[in-house]
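Chains as they are written, first to last, in the working numbering: chain A, 3 to 340; chain B, 3 to 340.
All C-beta atoms, glycine included, are put in the ideal place defined by N, C-alpha and C.
Structure first, then comments.
There are 2 protein chains.
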Amino acid sequence: MTQSATAAAHPNLALVKYWGYSEPSLNLPANSSISITLSGATTITSVTFDSTLDDDLFTLNDSPGTAVASRRVSAHLDRARQLAGSVDRAHVSSTTDFPTAVGMASSAAAFAALSLAATRALRLDLSPRELSILARKGSGSACRSVFGGYVEWSKGSHDSNSFARPLYPPQHWDLRVVTVAFGGRPKPVSSEEGHRAAVRSPLYTARLRELDGTLDIVREALHRRDFAGLGIAVEREALSLHAIAMTSPLVEYPWVSGIIYMEPETIRLIRAVQDWRAQGAPVYFTLDAGPAVHLLCEPAYLHTLLEEIRALFGLQSHQVWISSPGRGAWEVEGPLST
Amino acid sequence: MTQSATAAAHPNLALVKYWGYSEPSLNLPANSSISITLSGATTITSVTFDSTLDDDLFTLNDSPGTAVASRRVSAHLDRARQLAGSVDRAHVSSTTDFPTAVGMASSAAAFAALSLAATRALRLDLSPRELSILARKGSGSACRSVFGGYVEWSKGSHDSNSFARPLYPPQHWDLRVVTVAFGGRPKPVSSEEGHRAAVRSPLYTARLRELDGTLDIVREALHRRDFAGLGIAVEREALSLHAIAMTSPLVEYPWVSGIIYMEPETIRLIRAVQDWRAQGAPVYFTLDAGPAVHLLCEPAYLHTLLEEIRALFGLQSHQVWISSPGRGAWEVEGPLST
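Written out as structure tokens, the structure reads:
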């Protein structure tokens with residue numbers, strides 16, 4: 003007997019970043035965060051529970067998933083199976099139109115889509131909040147990709163009160179996010195290692211103390227659609243995350259003095275943004291835990307911005323995704339061919 | 003009537019960084035710092051007090067100094083004149099074999115040499131401590147270039163107790179410092195602006211709290227000649243300074259969210275150092291408030307390191323200076339031709 007469902011989800015871009023755990027085993031975050039769901043990239047995942055399977059099978063873009071990724075998918079399926087009282091193994095087939103490990107929150111889209119597909123296949127009818135809690139346990143920021151538009155994840159204090167909720171729907175404010183990723187090597191330190199190391203930064207507690215004020219500023223800027231107010235706050239917040247990463251010792255790798263997620267192109271682009279803005283251009287940057295740069299602008303400036311990026315990087319290897327505020331995770335009719 | 007003297011000084015490389023003032027008007031620092039005096043670069047300055055001059059004249063590398071630099075030189079001459087009870091104006095001619103504003107502490111060498119030349123020309127016989135205090139008022143880190151080898155600047159609490167002293171002479175530990183500067187634009191924010199902005203970083207107080215421990219670690223590593231212990235501490239300390247700069251808002255430039263001193267090549271080189279070290283190479287980096295990278299190694303590794311740097315940057319525009327622990331500021335026989 004088989005039970006199938008297919009779901010899609012977008013990654014999301016944190017305007018106020020989740021960085022560091024209060025409880026790693028449950029992905030409980032040390033701080034609340036705010037994001038935009040990104041329409042420009044999508045993960046689609048089909049889950050087929052099959053009582054004849056001996057093991058879970060995971061393919062990503064039609065290739066077998068790595069052992070690490072497969073274990074993570076199986077652990078997440080266990081959470082869904084436990085909710086449904088099922089013991090059936092599943093075939094999970096995921097396709098994605100953007101690269102992993104460049105700082106584009108690929109795991110957020112992945113675990114939002116997987117949570118929805120797995121629970122629908124198992125005929126569980128979770129509320130959005132329950133789905134957000136489940137997605138969080140797969141990958142913290144996945145709890146935000148359950149929702150569309152502008153989303154806040156309240157850190158909570160235990161498993162049942164740490165979930166995301168929509169602040170504003172996509173149509174509240176028609177911003178554009180231009181994600182620029184560089185064809186370099188994958189980032190040297192995973193986000194999970196970064197989260198775990200963050201508490202060892204001597205600057206970390208000071209960052210946490212600053213964050214309530216940052217959350218207020220960003221919420222208020224979103225409410226008033228204050229682009230400059232949002233932009234400066236978002237840049238400062240991204241630099242704060244990188245300041246913490248840079249000062250986080252990695253006990254597992256004693257030769258690494260601090261985590262540097264930036265690549266040379268990262269510096270080139272964010273310094274260019276500062277220059278453009280000094281000349282009046284309405285564009286702001288943010289960074290996740292990776293080398294990619296996300297540029298925020300209003301729709302009227304998009305064309306000029308894309309030309310500036312092309313002029314800056316010329317024929318160099320870089321990829322661009324253009325997003326609007328996107329929708330939350332959704333079920334797709336019929337399974338993909340698996 | 004004329005009175006002349008000529009003095010030379012090296013820049014110095016902070017192993018524990020001076021960043022932020024406790025009292026800006028006196029260059030009193032918020033924290034103590036430790037440096038190596040760098041033999042590989044030198045500033046030579048001749049000062050001729052001349053009662054027939056109407057104004058101070060300042061030339062740098064045989065060209066008239068900028069208005070800003072000339073005012074800073076004059077203000078420093080005033081301090082020396084006040085000590086000597088002189089009102090004579092002076093001709094100051096300075097030559098330097100390394101560029102300014104790349105993160106090589108050009109002002110440290112400049113004000114150490116100027117302090118020594120001016121006071122010798124005025125027949126003041128200052129003790130090293132008095133000379134260090136005077137140099138500090140010209141440019142904070144200049145107080146360290148008065149001394150050779152390994153130097154500590156104790157922050158002090160007022161003008162008369164904030165000065166440097168030698169920790170170990172140059173021959174205590176024969177390290178090499180390879181300074182790699184890039185032919186880019188000058189840094190966008192001066193060190194002085196960075197010092198002033200530092201206290202506005204929400205992470206700054208946390209950095210200061212960390213520093214007593216860092217000073218102990220670096221002093222102990224110097225004492226024991228523990229290269230790996232020194233290297234990791236020095237890298238962390240450099241990244242901490244850049245973490246503070248990145249999170250320091252510049253009220254004068256509201257479009258700048260944080261101070262980014264790194265250039266793309268900076269990231270390229272420090273990530274390469276992390277890679278080399280992962281493979282066992284004994285080399286560590288540090289940064290000042292600029293894009294240049296300073297690499298620490300022991301003499302036996304110097305040749306390999308220079309080859310690695312050449313392989314990394316190829317024909318790209320970069321300059322390299324090689325230093326050992328150098329001597330403190332010294333008087334040079336006879337004035338330069340002026």
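*Kindly indicate which residue of A:168, A:291 and A:192 has the alpha-carbon position closest to the one of residue 131 of chain A.*
Here the closest residue by C-alpha is A:168.
*Do you know how far the Cα of residue 14 of chain A is from the Cα of residue 329 of chain A?*
Straight-line measurement puts the Cα of residue 14 of chain A at about 10 Å from the Cα of residue 329 of chain A.
*Using a beta-carbon distance cut-off of less than 8 Å, what residues from the region 255-268 of chain B approach chain A?*
255, 256, 257, 258, 259, 260, 262, 264, 265, 266, 267 and 268
_I need the boundaries of the beta strand (DSSP E) containing residue 98 of chain A, first residue and last residue._
Where residue 98 of chain A is concerned, the enclosing beta strand (DSSP E) stretches over 91-98.
_Less than 8 Å between the C-beta atoms of residue 144 of chain A and residue 154 of chain A, yes or no?_
no
*If you draw a straight line from the C-alpha of residue 246 of chain A to the C-alpha of residue 206 of chain A, how long is it?*
If I take the Cα positions, the gap works out to 6 Å.
*Say whether chain B places a C-beta atom closer than 8 Å to the C-beta of residue 237 of chain A.*
yes
*Could one say the Cβ of residue 25 of chain B lies closer than 8 Å to chain A's Cβ atoms, at least one of them?*
no
*Would residue 281 of chain A be called buried (16 or more neighbouring beta carbons within 10 Å of its own) or exposed?*
exposed
*Are three or more beta carbon pairs between the region 3-11 of chain A and the region 293-307 of chain A nearer than 8 Å?*
no
*chain A partners of residue 241 of chain B, CB-CB under 7 Å?*
248, 249, 259 and 260
*Where the beta strand (DSSP E) through residue 386 of chain B begins and ends*: Summary: the structure shown does not reach residue 386 of chain B, with chain B confined to residues 3 through 340, and so no result is reported for it.
*asked:* Out of B:232, B:119 and B:49, which one is the CA nearest neighbour of residue 175 of chain B?
replied: B:232
*One or two residues paired with residue 327 of chain A in a DSSP bridge*: Looking at the DSSP assignment, residue 327 of chain A forms a beta bridge with A:40.
_Taking its Cβ as the centre, do 16 or more other Cβ atoms sit within 10 Å of residue 75 of chain B, making it buried, or is it exposed?_
buried
*asked:* In this structure, how does DSSP classify residue 21 of chain A when only helix, strand and coil are distinguished?
replied: Three-state result, residue 21 of chain A: coil.
*For the beta strand (DSSP E) that residue 155 of chain B lies in, which residues bound it at each end?*
152-156
*Cβ contact check for the region 55-70 of chain A and the region 82-93 of chain A: 3 or more pairs under 8 Å*: yes
*Quick one: list the residues of chain B neighbouring residue 244 of chain A, beta-carbon separation under 7 Å, in chain order.*
By Cβ distance, chain B contributes 248.
*Under 7 Å Cβ to Cβ from residue 237 of chain B, same chain only, skipping five residues before and after it: list those, please.*
In the same chain as residue 237 of chain B, and ignoring 5 residues on each side of it, the C-beta atoms closer than 7 Å to its own belong to 286, 287 and 288, in chain order.
_Test: residue 122 of chain B CB closer than 8 Å to a CB of chain A_ = Put simply, the CB of residue 122 of chain B is far from chain A, with every gap to its CB atoms at 8 Å or more.
*residue 325 of chain A to residue 222 of chain A span [Cα, whole Å]*: For residue 325 of chain A and residue 222 of chain A, the gap between their C-alpha atoms comes out near 22 Å.
*Within chain B, partners of residue 209 of chain A - CB distance below 8 Å*: 204 and 205
*Since residue 286 of chain B is in the beta strand (DSSP E), which residue starts that stretch and which ends it?*
Per DSSP, residue 286 of chain B belongs to the beta strand (DSSP E) from 286-289.
*asked:* Under 8 Å, Cβ to Cβ, is there at least one residue of chain B near residue 280 of chain A?
replied: yes
_Counting C-beta neighbours from all protein chains within 10 Å, is the total for residue 109 of chain B 16 or more, i.e. buried, or is it exposed?_
buried
_When you compare the region 78-90 of chain B with the region 41-48 of chain B, are there three or more beta-carbon pairs, one atom per stretch, that lie closer than 8 Å?_
With the cut-off at 8 Å, the region 78-90 of chain B and the region 41-48 of chain B do not touch.
*Between the Cα of residue 192 of chain B and the Cα atoms of B:309, B:290 and B:303, which residue gives the shortest distance?*
When only C-alpha atoms are compared, the closest one is B:290.
*For residue 179 of chain A, which option in A:190, A:121, A:194 and A:152 has the closest C-alpha, if you only look at C-alpha atoms?*
A:152
*Just tell me which of B:28, B:26 and B:16 has its CA closest to the CA of residue 35 of chain B.*
Per the Cα distances, B:16.
*Check the Cβ-Cβ distances between residue 270 of chain B and every residue of chain A, and say whether any is below 8 Å.*
yes
*Apart from the five residues on each side of it in sequence, which residues of its chain come closer than 6 Å, Cβ to Cβ, to residue 209 of chain A?*
242 and 246
*Neighbourhood of residue 60 of chain A by C-beta distance below 6 Å, restricted to the same chain and skipping five residues each side*: 67, 72, 75 and 94
_Separation of residue 18 of chain B from residue 239 of chain B, as counted between CA atoms_ = Inter-residue distance for residue 239 of chain B and residue 18 of chain B is about 6 Å (C-alpha atoms, whole angstroms).
*Cβ of residue 234 of chain A within 8 Å of any chain B Cβ*: yes
*Buried or exposed: which applies to residue 266 of chain A, given that a residue is buried once 16 or more other Cβ atoms fall within 10 Å of its Cβ?*
Label assigned to residue 266 of chain A: buried.
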